[in-house]
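Read through the structure below, which is laid out as structure tokens, and then see the notes.
Numbering (our numbering), first residue to last: 12 to 179.
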């Protein structure tokens, strides 16, 4: 049995410390923390008030259009943005590669939690008929890897890993 090589060709990140590998590395080496008071939502009803937020994240600077933004959860947009940067960093021209040999593996601690919360609230307050038909496609963990494959035309293995905090 012959073994095929797997090659990591590029890296991309979206973190509370930044959205470039070098920038995040420099921040870590300087002892900076990406943790602070949560500002994205009202924390008054929750015991936890701190977290690592990607406060300056703007997916449009990665060339993602508004239609894609509407059909994806924020976690999927993070994955897509990081993948775009990883592909740019690789220097490879995937249009010249066999798409069946190009795959995606992405990990997420939980998937589309914002979509789940939003749609649960809609279900409770407005009823089942108002729940988005895109709820499941937005929140499932493999939405991130699937959207990367769609974006770049990859037809090889597509895997999404979800093992909570051990995923990354």
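We treat Cβ as the ideally placed atom computed from N, Cα and C, and that holds for glycine.
Less than 7 Å divides the Cβ of residue 117 from the Cβ of residue 90.
Rounded to whole angstroms, the gap between the alpha carbons of residue 173 and residue 45 is 23 Å.
Taking 7 Å as the cut-off, the Cβ atoms of residue 84 and residue 150 count as close. Assigned with DSSP and collapsed to three states, residue 147 falls in helix. The beta-bridge partner set that DSSP reports for residue 115 consists of 169. The count of Cβ pairs closer than 8 Å, one atom from the segment 93-106 and one from the segment 20-28, reaches three, so the stretches are in contact. One alpha carbon belongs to residue 105, the other to residue 137, and they sit about 45 Å apart.
When rounded, the separation of the alpha-carbon atoms in residue 162 and residue 170 is 15 Å.
If you look at residue 48, you'll find it in the beta strand (DSSP E) that goes 46-48. Under the three-state reduction of DSSP, residue 61 is assigned to strand. As a beta-bridge residue in DSSP terms, residue 26 pairs with 29. For residue 103, there is no enclosing alpha helix (DSSP H), as DSSP marks it with neither H nor E. In this structure, the beta-carbon distance from residue 51 to residue 64 falls below 7 Å. Residue 147 is positioned such that its CB atom lies no closer than 7 Å to that of residue 130. When the five nearest sequence neighbours on each side are left out, the beta carbons in the same chain lying within less than 7 Å of the beta carbon of residue 114 are those of 165, 167, 168 and 169, in order along the chain.
Non-local C-beta neighbours of residue 47 in its own chain, meaning closer than 7 Å and more than five positions away in sequence, comprise 61, ordered along the chain.
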